[in-house]
Structures are given as C-alpha cells and as structure tokens.
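Visitor: Residue numbers (my numbering), protein chains in the order written: chain A, 2 to 63; chain B, 83 to 320; chain C, 8 to 257.
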Amino acid sequence: MKQGGLVAFLAMGGYGFYVWTSYALAAIAVAVEIVAVRARLRAATKSVSGSERAMVLPDDTQ
Amino acid sequence: MMCVEVMGEEATRDSSALRGFAWSTMRDLRLAMRSRAELAVQLLFYVIVVTLFPLAVGAETALLRALGPGVLWVAALLASLLSLPRIFATDFADGSLEQIALSTQPLPALISGKIAAHWISTGLPLALISPLLAAQFGLSRDEGWLLALGLLIGTPTLSLLGAIGAALTLGLRSGGGLLALLILPLYVPILIFGAGSIEAMRAGLGAGPQLALLTAALLVAMVGAPLAAAAAVRIALD
Amino acid sequence: MRPMSAIAWFKLASPASFFPLARRLVPWFGAAAAVLTAAGLWIGLIVAPTDAQQGDAYRIIFIHVPAAWMSMFIYVVMAFWCAVSLTFNTRLAAMLAQALAPTGAMFTFLALVTGALWGKPAWGTYWAWDARMTSELILLFLYFGYMALRNAIDDPRRADRASAVLALVGVVNVPIIYFSVKWWNTLHQGASVSLTSAPTMAVTMLTGMLVMAFAAWFYAIAITLLRVQAIIAEREKNTSWIGEMVPRTR
C-alpha cells in the first residue's frame, strides 16, 4: 500500500503537474517573501545601528 | 499675486461654489483656446490610434465590425489619458495652482471647472467625430449615434476620474506610465458599459441599461471626483 | 511626537511604541500560521476525498481560494489603515498600509496563477476571462498602482497621503469594477463558470479551505508585522529612540 500510495499521491490522478506546481509556487512565494522581508529588516536595522554609532561618538568626549 | 487680474475683484471676495466653477471653466477654456494646435494634436491621436487597428488585423469587414466598438472606446480612453496632465501641470509649474488652492472659493468647485474645461476641449470633440470613425469600421448609422452618445456621457467621467490621477501624480518624474497604471483600472467599468452598449444593441437587447449605468457613473463621479482631486491637489502642494 | 496620553490606543499609535510590540507578536503569529498550514495541507492533500467530477485537480482550491480571499481582505484592511492615516494624520497607520501592500499583491498573484493552473484541467484553458479572475487581475493592477505611486514620491509623508487617497478611491471602485466585469462576462460568455462553484462541496473540502484561509491570515499578519518593523526602522532611522530598540549585533 505504501509504495502505490506514494506514487498515487504524487500523480494526483494524472493532474500531478497542476496540483504540485500550484503548491510549489505557494511555498516558493512565501519563502521568497520571508527571506526578502528579513533581509530588508536586517538592512534597515544595520543602517540604524550605523548612524547611531555615528551619533554616539561625539557625545563620548565629556 | 499673479492671478488677481485674471480672477477679478468680485471673484476673490465671493465664495460661492458656482461662481468659482464658472470662473475656473472660463479661465481654463481661454487657456486651452490659446493652444488650439495642442488640442488638434490630441484629436489626431485618437484618429491615428483608431486607424492602427485595421492596419494590424486586416480590413475584413466582419472583423472590423466586430472589433469596432471596442477599438473606438479603448482609443478614447487612451486619448483621454494622454491629455490628462494638462489639467494641472501648467498651473502647477508656474505657481498659479497654489493661488487657486488659496482662493476663498471651494477648491472642489474650482477643480470641477478645470475638469469641465478639459472635457469641453478634449472629450467633447472626440465624441462628436466618433461617428465618422465608426463608419470606417462598418458600424451602422444607429450604432454610430449610440457610440457618440455613449462617449458623450462617458468622456466626462473619464475626465473626472482622470483628474484624480493627474492630481496624485503632480510634479512626479515618472511620466505617463504611472498615470495610466493608476487610472486605467478605474476606467474599466466605463469601457465595459460603453462598448457593451453597442453589443447590447446588436443583440437586440437595447442599450438602455448600459446608458443608464454610464449616466449613474457620471453623476457619482461628478460628486466624488472633485473632492478626491481637491484632496490630492492639497497633498501635492504641501 | 504625540505627548504620552492615558489612552492606550494613542500610545500605541506611535511607531516607537509599536515597534517592540510588533517584534514580540511575529513569532506567535508565525507559529500559528505554520501549525494551521500543516493541518490544512493534511486535510487538503490527504483527508479530503477525490472529487467526482474534477478528480484530484480540485485540490488546488486549498491554495487558490484562501489566496483569493486574502488578496481581497488585505486590500480592504489596507484601505482601512489608509483611511485612519488620513483621518488622524498618523504615521503608523500609513506604515501599516505600506507594509500590507506587497503581501496583498503576492496573494493576488498566487490566486491568479493557481487559478490558471486549475482552469486548465478543470475547464480546458489556462485563462478563461471569467469575471472573478478578470477582477482579480484588475486588483493586482490596483496593488501595483499603490506601490508604484508610493515609490514615485520621494517625500514619505506626501507618499503616505497620496497613496492613501488612491487606495480609498480604489476600494470604493472595487465593487463597481467587479459588478461591471461580471456583467461583461455574462454578456460575452453565456453560462459563466464560477471557479468556486463545486456543486456539492464535501465538509472536509470546506474545512480544508477554512483552515488554509486562517493559516494565510495569520501568515499575512506575521509577515506584515515583520515588514512594518523594517519600514519603521527605515523611516525613523534618525530619531533617538530607534537605536535603543534595535539590537546592535545582528
């Protein structure tokens, strides 16, 4: 049952291409979005840390 | 104040919306008449775009008859889109738009006047020559009149909706593409009912519902669009 | 910046207060989305029975329908925050709208593509110009218009206000556009095929769609809260508070 089950699962009654492409596209879209937003957040916080450091330095001379 | 002599003393004191509308319409029409060549060019754009389609798909009569209403409406949309920046661009560039926004008359009324002038100088001529172009596509006499009527009702709505887009994109470098992207989705219902009116007539169903919907859209746009455009102008001027 | 008031809402309305809250919420919504997605996939791919008419191809609806629902829902939420930003002149509401748009566009695109992939096995053609898909395509243009307008305006506050007006004009027009496209479709195609009309939908199918819809909703919240953090950091980078919020070692 298991072997036939897996093959049948992937075949999706002959419509495997359509079904799995849809699910794959959804997975890819979500993954790309997560990666892109995290990269954007990293870049944004990095630039903040950078300018913060620049602002802190002159104050050190007290 | 560079516009005072054009406005006239009584206009600056009076704050009635109707007077503002009338003043604004006359002013913009006068300005438009000074550049008549530009208006002719816009009309010519319509004619040229319409002419492109038979060149592209061939001159077979049945095909042109089937495509005609759609082509004539789409070209009207594009011609309207092309002329939209004119509503605000020159006034924005020379600072008179700021003066207009500071006036005591309500800004939506003044903008309505600008839109009315825009329609009279672009949409109205377009609607009037459309029966001639309809004949080129083999549309019947009745269909040609229906096209003209539909455009007469539809083109003011195009000007009204387009003014919102023109106000939002004031002074931006991005060119006409952005304006098209913003406005064309809003134009879709007008296009559907306008071209659809002729289809309905051909199907023997009568174009009444489509024309009624076009009129309803016009009435709603007449109320809503100047308000939205006024908000957009103030945002652009701040 | 607004002086500290006793009312919690207004306190929350400043980007400074919202930033740490968003950061705390993201993992919870993300985890919920992951769990619901697993459950939804289980139901959709394994538990739900094969459809009598469409075979296994119908399983695309477990992606397509939630994506379509989210695409419309996000646009309305985006328009809501735009209205709030114009009414109360707050920055944060505009930032939330700005954060929502890309996710909304993503769901719209996904709905369109999966709709096409469903259309081919179910109705023989990838694109049938039916009312719902055509309206969905126009919705994608509305999202792109919002993002393009934001992008074209340099001043962030002008961008906030202009795109807010655009979104409100758009949301008012969406029902009109849908109605007109629906009318257009019935005139030109006779019997219109609705992509969600499976005559009798088994309970499991409906459950699967709902679970996936909630999964998509929580995912959207999580990713939007993540993106709004980035937007806040980008736009507030010159204020004094942001340095303390943002960890140095990243």
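Positions of the beta carbon are idealized from the N, C-alpha and C atoms, including for glycine.
1) For C:ASP58, name the three-state secondary structure that DSSP assigns.
2) Expressed to the nearest angstrom, what Euclidean distance is found between the alpha-carbon atoms of B:ALA181 and C:THR141?
3) With a cut-off of 8 Å, does the C-beta of A:LEU42 fall near any C-beta of chain C?
4) Take C:LEU117 as the anchor and find which of C:LYS189, C:ALA75, C:LEU233 has the nearest alpha-carbon.
5) Among the residues of its own chain, which have a CB less than 6 Å from the CB of B:LEU234, if the five just before and after it don't count?
6) What residues of chain C sit near A:ALA45, judged by a beta carbon separation below 7 Å?
7) Pick helix, strand or coil for B:GLU142, following the three-state DSSP scheme.
8) I want to verify the contact list: residues of chain C whose CB lies under 8 Å from the CB of A:GLY14, in sequence order.
9) I'd like the list of long-range same chain contacts for A:LEU11, defined as Cβ closer than 8 Å, with 5 residues on each side in sequence excluded.
10) Can you say whether C:TRP49 is buried or exposed, counting buried as having 16 or more other CB atoms within 10 angstroms of its CB?
11) Residues of chain B with a CB under 8 Å from the CB of C:ARG165: which are they?
12) Within the chosen definition, does the stretch 104–116 of chain B reach the stretch 194–206 of chain B through at least 3 CB pairs nearer than 8 Å?
13) Give a yes or no on whether the minimum CB-CB distance between B:SER256 and chain C is below 8 Å.
14) Anything in chain A within Cβ reach of C:LYS127, meaning under 7 Å, just list it in chain order.
15) So, are the CB atoms of B:ILE317 and B:ALA245 less than 8 Å apart?
16) Which word fits A:LEU7, buried or exposed, when buried means at least 16 other C-beta atoms lie within 10 angstroms of its C-beta?
17) Distance cutoff 8 Å, beta carbons only. Does C:PHE148 sit that close to anything in chain B?
18) Listed from N- to C-terminal order along the chain, which residues in the stretch 90–114 of chain C have their beta-carbon within a distance smaller than 8 Å of any beta-carbon of chain A?
19) Please state the DSSP three-state secondary structure of B:TRP227.
20) Which same chain residues, not among the five before or five after C:ALA40, have their C-beta less than 7 Å away from its C-beta?
21) Since C:GLY152 is in the alpha helix (DSSP H), which residue starts that stretch and which ends it?
22) Rounded to the nearest angstrom, how far is the Cβ of C:LEU146 from that of C:THR115, given a contact under 8 Å?
23) Is the stretch 148–157 of chain B touching the stretch 264–280 of chain B in the sense that three or more CB pairs, one from each, lie closer than 8 Å?
24) Run through the stretch 201–280 of chain B for me and flag every whole alpha helix (DSSP H) of 4 or more residues, listed as ranges in chain order.
25) On the CB-based measure, 16 or more other CB atoms within 10 Å of its CB, does B:PHE219 come out buried or exposed?
26) Tell me where the alpha helix (DSSP H) around C:PRO27 begins and ends.
Guide: Quick answer:
1) strand
2) Here the sequence assigns Gln to residue 181 of chain B, which means Ala is not the residue at that position. Cα to Cα, the separation comes out at about 43 Å.
3) yes
4) C:ALA75
5) ALA209
6) Residues of chain C passing the Cβ test: ALA237, ALA240, GLU241.
7) coil
8) By Cβ distance, chain C contributes THR57, GLY62, ASP63, ALA64.
9) These residues qualify, in order along the chain: GLY17, TRP21.
10) exposed
11) ILE317, ALA318, ASP320
12) yes
13) yes
14) TYR19
15) no
16) exposed
17) yes
18) PRO109, THR110, MET113
19) helix
20) Excluding positions up to five away in sequence, the list reads ALA222, PHE225, TYR226, ALA229.
21) 138–159
22) 5 Å
23) Yes, they touch.
24) 206–218, 223–250
25) buried
26) 22–49
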